[in-house]
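Asks:
Numbering (UniProt numbering), first residue to last: 1 to 149.
1) Relative to the C-alpha of residue 71, which residue among 94, 104, 122 is closest?
2) Is residue 186 helix, strand or coil when you go by DSSP?
3) Leaving aside the five residues before and after residue 128 along the sequence, list all residues of the same chain whose C-beta is less than 6 Å from its C-beta, in chain order.
4) Between the alpha carbons of residue 130 and residue 138, how many angstroms are there, rounded?
5) Measuring alpha carbon to alpha carbon, tell me which of 66, 67, 91, 79 ends up nearest residue 97.
6) Could you tell me which residues DSSP pairs with residue 83 in its beta bridges?
7) If you draw a straight line from the C-alpha of residue 112 to the C-alpha of residue 140, how long is it?
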């Protein structure tokens with residue numbers, strides 16, 4: 001009769017979790033000036049929308065002085081929310097602007113200075129999105145960035 005003993009495998013997860021000190025030194029971040037400009041813009045917009053805002057507006061020398069009746073908030077990775085969509089068997093190309101707050105129709109009117117025809121732009125007021133016929137992602141992203149979004 002053979003005696004089977006249990007073999008204990010080494011704990012592989014023990015070496016994968018660094019100590020709290022290592023985590024603290026590994027993830028110590030210094031914000032860049034462009035990130036601070038973005039945070040200033042978001043906080044000042046949030047503070048301007050409500051009279052009793054809990055988040056104070058940050059002061060910055062590079063804050064945009066132009067105020068628009070709409071705001072396009074950035075994604076979690078700080079990118080502008082301009083996307084492309086291909087439909088109908090790759091024959092219909094669309095550019096979609098998402099995360100619009102405020103007057104979507106005013107943004108549509110302002111986009112007419114960039115795009116050649118008003119028939120290209122449609123507004124989805126239910127989702128606060130603008131859908132543009134054609135591939136305009138790079139032009140729209142550059143246009144929004146130039147305006148301070």
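Backbone N, C-alpha and C fix where the C-beta goes; we use that ideal spot for every residue, glycine too.
Note that the coordinates shown come from a computational prediction; the quantities given were computed from them, not determined experimentally.
Replies: The answer reads as follows:
1) Counted from its first residue, the chain shown places residue 71 at position 71. Nearest of 94, 104, 122 to residue 71, Cα basis: 104.
2) Nothing in the structure corresponds to residue 186, since the chain is present only between 1 and 149.
3) On the chain shown, position 128 is the one that residue 128 refers to. Only 100, 104 meet the Cβ criterion.
4) Translated into positions along the chain shown, residue 130 becomes position 130. Translated into positions along the chain shown, residue 138 becomes position 138. Roughly 15 Å separates the two Cα atoms.
5) What you label residue 97 is simply residue 97 of the chain shown in a count that begins at 1. Residue 97 has its Cα closest to that of 79, out of 66, 67, 91, 79.
6) Position 83 of the chain shown, counted from the start, is the residue given in the question as residue 83. Beta-bridge pairing links residue 83 to 96.
7) Working through the chain shown from its first residue, we reach residue 112 at position 112. Working through the chain shown from its first residue, we reach residue 140 at position 140. Approximately 11 Å between the Cα atoms of the pair.
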